[in-house]
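Data block below; observations after.
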């Protein structure tokens, strides 16, 4: 039995702890903790300020999150405008569809699909100057055959409008 008590004392990290504070050397150790520290040192360590690099990283990360949130809202609005444009185009309201597609193109100026839809609806709404600008932006772009055929058809319709 005594051997078990001696073994338990050897395995117990509390039994091996020094009787002084590990930070300042004070003899008044706060009990109930693994690390031997006095009340004053434990309080100072617990209230230690965050390092500057952590604060700066947090600010940068927060800025990125805010930017992404704002950008995603704008993207969602543009996607909704594109869908409303498709719906207006199905109802043959080409002027309204063109306005919706313009909102999508304003947000995503490099979207070939949105530019083709804008050009087609501008032509069909008989808005020749705007249709010319949209078709001009498509000049030289690589696109799927279906889109190229629609853009070509819009160009032929525009030529008929301008005669």
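Residue numbers (the working numbering): 85 to 247.
Every residue, glycine too, gets a C-beta built ideally from N, C-alpha and C.
This one's a predicted model, so the numbers in the text were calculated from it and none came from an experiment.
* **For residue 119, the nearest candidate out of 127, 111, 105 and 184 (CA to CA)** => 105
* To do: Tell me whether residue 125 is buried or exposed, calling it buried when 16 or more other Cβ atoms sit within 10 Å of its Cβ.
  => buried
* residue 226 burial status per 10 Å Cβ neighbour count (16 or more: buried) -> exposed
* Asked: So, helix, strand or coil for residue 188, using DSSP?
  -> helix
* In chain order, what residues of the same chain have a beta carbon less than 6 Å from the beta carbon of residue 196, not counting five sequence neighbours either side? -> 225 and 227
* To do: Would you mind stating whether residue 242 and residue 212 have Cβ atoms separated by less than 8 Å?
  => yes
* **Inter-residue spacing [alpha-carbon to alpha-carbon] between residue 203 and residue 235** => 7 Å
* To do: Could you check the C-alpha separation between residue 223 and residue 193 for me, to the nearest Å?
  => 14 Å
* Are residue 186 and residue 159 touching if we call contact CB-CB under 8 Å? -> no
* To do: Kindly list the residues whose CB is nearer than 6 Å to the CB of residue 229, restricted to its own chain and excluding five residues on each side of it in sequence; keep chain order.
  => none
* Please go through the same chain and pick out, in chain order, the residues whose beta-carbon is closer than 7 Å to the beta-carbon of residue 246, but skip the five residues on each side of it. => 212
* Asked: Hey, quick one: how far does the alpha helix (DSSP H) through residue 213 stretch, first residue to last?
  -> 212-222
* DSSP state of residue 111, grouped into three classes? -> coil
* Look at residue 188 and residue 209 and say whether their C-beta atoms are less than 8 Å apart. => no
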